[in-house]
Amino acid sequence: MIWITGDTHGDFQRFATGSFPQQKRMSRDDYAIITGDYGGIWDGSPRETYWLNWLEERPFTTLFVDGNHENFDRLNESSVHHWHGGNVHFIRPHVIHLMRGQVFEIGGITFFTMGGASSHDIQDGILDPASPDFEREYWFKRRTRQMFRVKGVSWWPEELPSDAEYEEAVKSLDEAGWEVDCVLTHCAPTSIQQKLDGNYTPDRLTDFLQMIKRRCQFSYWFLGHYHRNCVVDDRFIIQWKQMVELQWE
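All the letters of the sequence shown, read from the start, carry residue numbers 78 to 326 under our numbering.
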């Protein structure tokens, strides 16, 4: 069994047995996939440790691609391992980060993964704690209820892929013959994003995903990021708190 859901932002209540009773029939060889903004690796607090251990104790295996709201400093401290055909970080033995630009074969289904996205809640800027005016600017923005983030605290430039990650993605798809069963990302290709809201600004990642949409053969594309549940152009399944089972013939 493979179940897929959207952003969790460190809140895993949807995986409680009462909300997700299907897990009673699941094993470690069954999977729940989170399409970015996992948020479970953030501040190293006792609360974070509790929920990571709680998630590890679920009967299934949790997989996730990264979004834009992740602590990339901490996430990238994990050692890289090879698992089911691609590179991963083991957050716990059964809580696994599917890294960018990889192709995995899981339960006989092939998945291409490309996490990351541009933050849309930084309209009023990103503050650098190293700036001499940081304290003054921070409290002014707080008092005036501006939408901003703090570098290395609530925002990281690694929210968007590096050149090496784009190169890895192309290499992986070359090796797969540009054909996979499913694509897992956090944000959408440019054309799909524009259908959701014409005010979204394209960027290098959405344009890269647009190229993949055009060139790659796939059956379904699962993503999060936009905090809504809908289907676009039949194959693009956008999720937030909704969970759907992937059924494959």
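From the three backbone atoms N, C-alpha and C, an ideal C-beta is built for every residue, glycine too.
Every value quoted in this text rests on a predicted model; they were computed, and no experiment measured them.
Between E147 and G116, the beta carbon gap of about 7 Å places them in contact (Cβ cut-off 8 Å).
Assigned with DSSP and collapsed to three states, T94 falls in coil, not helix or strand. Taking a contact to require three or more Cβ pairs closer than 8 Å, the segment 302 to 317 and the segment 254 to 272 qualify as touching.
Using a Cβ distance threshold of 8 Å, P206 and V227 count as a contacting pair. The DSSP-derived three-state label of A241 is helix. Taking 8 Å as the cut-off, the Cβ atoms of I186 and C259 count as close. Between G163 and L175 the beta-carbon gap is near 7 Å, inside 8 Å, which marks them as a contact. With at least 16 other beta carbons inside 10 angstroms of its own, W232 counts as buried. Taking the CA atoms as reference points, P123 sits about 20 Å from G229.
About 5 Å separates the beta carbons of V257 and F295, which is inside the 8 Å limit, making them a contact pair. Here the C-alpha atom of F217 lies approximately 21 Å from the C-alpha atom of S196. With a cutoff of 8 Å on beta-carbon distance, G193 and P238 are scored as near each other. For F299, the three-state secondary structure derived from DSSP is strand. Just measuring C-alpha positions, the residue of K290, T94, L140 sitting nearest I168 is L140. If you look at Y108, you'll find it in the beta strand (DSSP E) that goes 108 to 112.
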